[in-house]
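Please read the structure below before turning to the comments.
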Amino acid sequence: MVELPPLTPQILLGLTAIVLFGIDIIAPDTRKNGLLASVSAIGTVAAAATAVWFLAAGSGDYRFVQFDGALVVDALSLFFAFVVASVATLVVIGSYDYIEGEEHVSEYYSLVLLAATGMSLMAAANSLVTVFVALELASLPSYALVSFLKTDRGSVEAGLKYFLIGALSSAVMVYGISLVYATTGTLLLDDIAAEVAGNQFGGVLGLGILMLAGGFAFKTASVPFHFWAPEAYEGAPAPISAFLSSASKAAGFAVAFRVFTTAFPLDAVAAVAIDWSLLFAVLAVVTMTLGNFAAATQNEVKRMLAYSSIGHAGYVLMGLAALQSGAAEANAFVLGASMTHLLVYGFMNTGAFLFVALVEYWDVGRTFEDYNGLATRAPVACVAMTVFMFSLAGLPVGGGFLSKYLLFAGTVQAGFAWLAAIAAINSALSLYYYSRVVKAIWIEDPSDDLSLAGTPTGLYTAVVAAAVATVVLLVAFDPVAQTAVHAADVLFAL
Amino acid sequence: MAVAVEYYLLLSAAVFCTGVFGVLTRENALMFLISVELMLNSANINLVAFSHFYGNATGQVFSLFVMALAAAEVAVGLGIVLVLYRNFDEVDVRNATTMRW
Amino acid sequence: MVGAFDFTPAIPLLPFAAFLVAMLVGHFAPRLLPKGGAIPGILATAGSLLLSIWTFLTVSGGSYHAQDIYTWVVGQNTFSLHFGILVDPLSAMMLVIVSLVAVLVHVFSLGYMNDEGETGLPRYYAGLGLFTFSMLAFVVADNLLMAFMFFELVGLCSYLLIGFHFREPGPPSAAKKAFLVTRFGDYFFLIGVVGILATFGTARFVAVGDGVHSFPHLAEQALAAAGGEGTMPEHVAHFLDVIGMNAETWFAILGLLVLGGVVGKSAQFPLHTWLPDAMEGPTPVSALIHAATMVAAGVYLVARMYGFYALLPTVLAIIALVGGFTALFAASMGVVKDELKQVLAYSTISQYGYMMLGLGTGGYIAATFHLMTHAFFKALLFLGAGSVIIAMHHNEDMWDMGGLREKMPVTYYTFLSGSLALAGIVPFSGFWSKDEILYEALIYGAGDSPILLAAYAMGLLAVFFTGFYTFRMVFLTFHGEPRSDTARDPHGVRWNVKLPLVVLGILAATVGLVNMTPVAELTGLHIEYLHQWLVIPEASDFAALGYDNYHHLLEQFAGYHAADIGPLAPGAVSLALALGGAGLAWVLYNVDSPTEHTEKLGGVKTVLYNNYYQDEYQVWLAQGVTLPLARAADTFDQGIVDGVVNGVSSVSLFAGSRVKRIQDGLVTHYAALLTLGLVVLLVAFGLLEGWF
Amino acid sequence: MLIEALIAVTLVSAFVVMLAPDEVAGKLAFALSLLPVAGSLWMFGQFDASGNALFESGNLAFETTARWISVGPYALNWHVGLDGISMPLVVLSTLLTSLAIVSAWTPIQERQSQFYSLMLFMLASLLGVFTALDFFVWFVFWEFVLVPMYFLIGIWGGPRRKYAAIKFFVYTNVASLVMFIGFVALVFALPVQTMDLPAIAAALDAGNFQTTYGLGAETLKVVAFFAMFLGFAVKVPLVPMHTWLPDAHVQAPTPASVMLAGVLLKMGTYALLRFNFTMLPGVARDYAVLIAIFAVVSVIYGAMLALAQQDLKRIVAYSSVSSMGYVILGLVAYNVYGLGGATFQMVAHGLISGLMFMCVGVIYNVAHTRMVGDLSGIADKMPVTAAVFVAAAFGYMGLPLMAGFAGELFIFLGGFSATFPYAQLFTALAMFGIVVVAGYLLFAMQRVLFGPFSADTDYDIVPAAPHDAAAIVVLVLLVVVLGTVPEVFYGMIQDAVNPMVDSLPEATAFLTGGEL
């Protein structure tokens, strides 16, 4: 019986990237989009499947420390490895049609897989060094992917903005890491935790933590590091928008969850340096409000989704904000709820962006008006989109309902009813703009010359699969919720 | 004569702020990149100084990682600047404003 | 042994069956319906009449009946609500009156509706059937709630029948007004019913059998306890405790609330305004509903629960005052009307005023008596008017008539009989009953109650007006020279019109003989049959409904006591006044070509023509106050309440459109804002955590 | 498993209809909707429950429990069951849906299969709302109801349908969120690790709070009560949270209006009854005067607004606001007649308002206008419709022996017997609604149905289609039956509200025993 290494999902993703490069080296000039997409999909599915298998087998019940503590495998890392890998699966399947006919197809898939590797490593990072390295591993391919359409001004502009803000943010983050190192003398999360209590350089440490949080805020598109997000999501190829707004965000949260709960125990840190719960509460409020309010008046569906993605980051931030010292059960609940939301969000948001990809494929247009009456031409995809929109808005057509309300409930339970109330206001507003999409595709009449070219198999498969997953998650939510809460338990149990 | 470690903090802070100032004032994408490099290196100052202060190698090793990643970042960045130039005929970051609001 | 009481439920149900037949057959197979539904209606009401008479005879034998028919709501841990039948002298008498008038009206309708070729006859007869059903059920109701329910159904039927000619603008409007005005009264009535149920836990008029109570009796006990005798029923005590009122005040409020319904239905001031308008309905309907029965429902209700009212002197005084005032008030308006049915309408209001006066002044028997006599003579007058209207091709203006006496003798003589009764001319029925009311009012008023005396005075004065307008009507219609072509050559009427007139004419002339109090006084004979009829032996379970009990309650609780005045002198006075009125009418109008003398009234005339502006102020209340208020509320609702809602949405969207402006597309600005945000956080948390 | 079967059958029917061709969708949907009708009637016949679902003493009908989701220590269970309060509402929902489907045959000519499918989806979720006994299960259905309604208004509605749909959608969703936060805050303060409603009710009754967020138990209860009250009040709707309703009604197609007025509004009062008034009777008692003021204002203000309207649908819409105010009054009275009457009135008003909307719809189908000023004297041309309209209007006015009277009477009896301060005065004031309702309905009838015929429309006024007439006649008969034999439902309703009454003795101390 062969023992698989605990990092198998990450390794699979990385290996697949290398295989893709290899294929390109062996056969550089042939058309092989299908082959590459298949290989990518097999790799990501395998990674997701192993993550699930490990979780089911109980591998996540303990912390498998790898490389002297630089990486760790536990339920959290497996959970997010699954999220990243499943989103990547949908994205590569959807990309098959989307990038058909583009150049550098194999680089595209490899970069997606490399970024996925980085994201899944983020969830496993247990040292600030690996945090940074994994984060950059996720970021650098993303920059390139966003500007993948080299002749498209929007894509290039998006890449530029994403890159510049990203570079600035990672500089801030590295500086923050250096300050943490300056005050604690170590970069291993567990060791930092030991040094934090009663630290004499509280101010410097606090500054470091704040800046470190900035790095995570960039990855999760939270205020004030969110500025890249609307443009990057709008300009990027739609599958990449899906990938970034779902997987990258989830990974950012994964690493934030681990770093803040492991390295900076709230009571100790709050005593000497900074009450990061308050910090995240403030960020959550500002982020969700800005995201939702800005989304409300957008004209383009994709940009609306971009802002809504910022809004959702705000909701998930509540999971960090509502953590309290010494309330293990409540913490596990709310953090677990955040994680479930990220998972469900992975499917519904990816699905939504892939629907946008589908519409871009049809070349219908980008504004709400352009979407008018799509349901008369493509009812199946539109049902799926409706599921995504209503699920994102928190209506019980998909798992988003449960995860969002569990998150709200967890926040309330932690005593942050005011935070949940603000989230509720935002959620109501979000219903308004999500239903604008639904209104456009179902209620408005199509323009006379609306006709759709073809039925792209890959995109359809991905969209429908995402929709099915979203709906199934409403009914079969139990395993997800249990796993997430369990992962949070393991995280707190160190 | 050992310089007190706090002064390295001040130095790094000064370099960091210089970098930030550059980021905020420069419009040329390359200058922007260089400013970011400054900020990264200010972190390196800290890492190396405190590595010495604590007597462990962690900081120094990490500073190597940072340099390597900075190089990778610049590589990607230059690629993006290149396509920026191709599409917008300039490397002024203020030109690319087709998407807003 | 099967007795009459086993069939009592069938009395109301027969007309209901007729209603169903007329409605269903009329809709699905109109050809199968003989005479547009008249025949089933006549058969059903005739059946009811027979059963009523049987019941009546059984009651004469001294056996009464109370029975729960159907428990509508079985209360769990609370009181139940049920339908039941109560047959006592009062209801037995009323059953006969209602079913008799109903039969006659059905027959008359053959002439008035069928022969005139009206359309929609099944609807008409269905309405009549439903009405008769509701009224009969109301009459036999053994509790106030059931009474209220059928009271309301009666109102519905009135609405449907007044608005029978719905294609014209007038009748629907009148129907609406009738329902609305009476609904206003019923609002108070319903509060009263609910209040009585809540206070007493029962709405029964009489308690027969074990473990049941009646609210008048509980009220009596409570008042007695308040006066220091016996114990307060626990339930009542608790309720009074909750609302913090004493029994007397609260019961008076309840009494007044129920009275609201009475005032509405019996068209008493100030809710009388619907009745003249209701003359838009077909004339037989006016006869049935707006004279003999539905309007009687109010007065009947007071009589029905007299055991309660007799406890409440304040309410009695108000009843008397309202009654007396209405009698006078309405009579004065009747003086100037030009249309036959209008005169009758105002006379109806006035006559019910008398009944209220009677009830208020303790003249229970007198009022009941007048209820009976009035039912006959007013039905007669309306049917007579209907006959005239047929003859006049539906022209109702008395100034176009004249001289019809020769052309239609049957109508004339029967109408005259009714008029004499109405005017109160001896020995016609109206004289006896009206006179007795005035007599009772006088003796109780003189027994140191100036309010009752004032009410009496108004009632007495009204006698003169009554005599005047009645004979003005008779003379203008039947005497003198014909004043129009139709009057010269009137349309003939058939047996189906004449028969009811004759029956009612005889009754109007004779029915007063059942209670000739002055004669009894004079001769010492025991001929006050109605009085004896309404007395229930103390041994009976139903004694609480008997006159003796009421008399006793009046004396004990209301403090009524009679002054010792003989019946002859007051009778003579009222007769003289009636004759005076009639005589004045003779002088002014019994000429070949009468002219209007209303000019002599001067400014009063305008007021009378406009009915004291009662309609105007009520219309003003509805259209000048309520409607603008509703519109203002609507504006407020659309502008402010909904405005806030839309405002919140607009403000949110506006805020959204502003917020997104931060994202101005310039990446250098993003970097600056990012840095700014970081610095703000840094400074804020630095200050908060004391880093500096 | 009967409840699950009922919901499943409805859902499957919805999918079947969705895939059916447009031509047969209406008939097919009606035929399939008879399955839930038959099912619910059969359940009604078999109904053997006693007591209240939220009380331990309650013995529920068709109850099932199954594990659904566990989140850490918290268990969300699939828990459904029926008691005397929910059973009548289930029957109401199925019956009204069937009739509403029939009433859609004429007006709905586009995208029919989608329309009927949505109707059945709505029924499925309504069944869930009225049967669920776990908060989350209930909440899933509660929120899902919005989705079909949004489409029904948005796609098949009138000229301003998009505005009305989104207003309905967002407004009621905001309310749900407020309610959600209030309720879960309350639950998490209790030592329960479940969202099971009976368990929560029992824990609240025991009153052991494990935390009160620094508010104190009483304050927490009050805050939670009013958060929930606000949430449900929007759905009811109570003034001043009512303005979505007229817009939604006026724009919605007739069948959707029927469902909206007939069943959806009842969700609000049902929830108030189940949550606020069953779980926090003490707070309801303490703030009875305030709630009663809301109720009275709704009744009178709603009726006044109806008086000012020209659109028949708007008239009925505002009168719904008025009628639902009575329900609140009944709830706050907190005795058998009050609570029972409130429940009964939900059913009665469901039938009658549904009937009114159908009548208006039938007229609109023919005349293509609903404005009072545009039509006159149409009784001549549409005799059956006019007759039913008159019957419906009188039913609405509370004509005895029709269902509305029974409901209102019970509520008035309850209100008058209530022991909170000025209960009698409030009741009397609210009762004035019966005069105003008569005012506006009589005015409307006089102008639309009666008088000389005229129609300011391009369409011929002809008698209603037979199926339209049949639907409204059936409803009238139901209304009459329920008014004549209220025990059909009222017995089980009383049975279910009695435990509530017992839980708050001070509210009802003096109304015990049989007939007094």
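Chains as they are written, first to last, in the numbering used here: chain A, 624 to 1117; chain B, 68 to 168; chain C, 5 to 696; chain D, 21 to 536. All residues carry an ideal CB built from backbone N, CA and C; glycine is no exception. None of the values given here were measured: they were computed from a predicted structure.
* To do: State buried or exposed for E992/A, treating a residue as buried only when at least 16 other CB atoms are found within 10 Å of its CB.
  => Its Cβ having fewer than 16 others within 10 Å, E992/A is exposed.
* To do: Please classify M412/C: is it buried, with 16 or more other beta-carbons within 10 angstroms of its beta-carbon, or exposed?
  => buried
* Asked: Given that P862/A touches chain D, what residues does it touch there, using C-beta distances under 8 angstroms?
  -> Residues of chain D passing the Cβ test: none, with the nearest at roughly 28 angstroms.
* Give a yes or no on whether the minimum CB-CB distance between M21/D and chain C is below 8 angstroms. => no
* Using the Cα positions of G500/C and E284/C, report the straight-line distance between them to the nearest angstrom. => According to the sequence displayed, residue 500/C carries Asn and not Gly. For N500/C and E284/C, the distance between alpha carbons rounds to 22 angstroms.
* To do: Under 8 angstroms by Cβ, that's how I've got V105/C and T415/C pegged, so tell me the actual separation to the nearest angstrom.
  => Between T415/C and V105/C the Cβ distance is about 18 angstroms, and since that is not below 8 angstroms, they are no contact.
* To do: Look at the alpha carbon of A138/B and the alpha carbon of Y719/A, and state the distance between them as a whole number of angstroms.
  => 32 angstroms
* Partners in chain C for R161/B, counting only beta-carbon separations shorter than 7 angstroms -> Neighbours of R161/B on chain C, chain order: L670 and T672.
* To do: Can you say whether G628/C is buried or exposed, counting buried as having 16 or more other CB atoms within 10 angstroms of its CB?
  => exposed
* Asked: How about the stretch 355-366 of chain C and the stretch 302-310 of chain C: do they share at least three Cβ pairs that are nearer than 8 angstroms?
  -> These segments touch.
* How long is the line joining the alpha carbons of Y685/A and V150/B, rounded to whole angstroms? -> 47 angstroms
* Compute the Euclidean distance between the alpha carbons of L31/D and G503/D, then round it to the nearest angstrom. => 32 angstroms
* What three-state label does DSSP hand E1067/A in the structure shown? -> It is coil, neither helix nor strand.
* Asked: Who are the Cβ neighbours of A998/A in its own chain at under 6 angstroms, not counting the five residues just before and after it?
  -> C1005, I1064 and W1065
* Asked: If we count Cβ pairs, one from each stretch, closer than 8 angstroms, do we get three or more for the stretch 204-223 of chain C versus the stretch 276-295 of chain C?
  -> no
* Touch test, the stretch 316-333 of chain D against the stretch 442-455 of chain D, Cβ-Cβ under 8 angstroms, three pairs minimum -> yes
* Of the residues that make up the stretch 644-672 of chain C, which ones have a beta carbon closer than 7 angstroms to any beta carbon in chain B? -> Those residues of the stretch 644-672 of chain C that come within reach of chain B (Cβ to Cβ, closer than 7 angstroms) are K664, R665, Q667, D668, G669, L670, V671 and T672.
* Asked: In this structure, what does DSSP give as the bridge partners for W98/D?
  -> A86/D, per the DSSP bridge assignment.
* **Limits of the unbroken alpha helix (DSSP H) element including V662/A** => N656 to A680
* Segment limits, beta strand (DSSP E) that includes V1113/A -> Here V1113/A belongs to no beta strand (DSSP E); instead the alpha helix (DSSP H) covers D1101 to F1115.
* Asked: DSSP beta-bridge partners for E252/C?
  -> DSSP output for E252/C lists no bridge partner at all.
* V430/C versus F364/D: straight-line alpha-carbon distance, rounded -> 57 angstroms
* Asked: What are the boundary residues of the alpha helix (DSSP H) that includes I147/B?
  -> T125 to F155
* Where does the unbroken alpha helix (DSSP H) through H535/C begin, and where does it stop? -> Run containing H535/C: Y533 to L538, per the alpha helix (DSSP H) assignment.
* Asked: Run through DSSP, which three-state label would W499/C get?
  -> helix
* Beta carbon proximity, L91/B to chain C, threshold 8 angstroms -> yes
* The alpha helix (DSSP H) spanning V478/C covers which residue range? -> Per DSSP, the continuous alpha helix (DSSP H) segment holding V478/C begins and ends at P454 to F482.
* Inter-stretch contact at 8 angstroms, needing at least 3 Cβ pairs: the stretch 696-716 of chain A / the stretch 658-678 of chain A -> With the cut-off at 8 angstroms, the stretch 696-716 of chain A and the stretch 658-678 of chain A touch.
* **Spatially closest choice to L153/D from L96/D, F189/D and F414/D, by CA coordinates** => L96/D
* Any chain D beta carbon closer than 8 angstroms to K269/C -> It does not; no Cβ of chain D falls within 8 angstroms.
* Taking a cut of 9 angstroms between CB atoms, which residues from the stretch 151-171 of chain C lie near chain D? -> F152, M153, F154, F155, E156, L157, G159, L160, Y163, L164, G167, F170 and R171
* Asked: Does F249/D get closer than 8 angstroms to chain C when you measure Cβ to Cβ?
  -> no
* To do: Rounded to whole angstroms, what's the CA-CA distance from L384/C to L579/C? Just pull it up for me.
  => Taking the straight line joining both Cα atoms gives about 22 angstroms.
* Among S770/A, V939/A, Y938/A and I832/A, which one has its Cα closest to the Cα of Y856/A? -> S770/A
* For V696/A, write down the residues that DSSP places opposite it in a beta bridge. => F687/A
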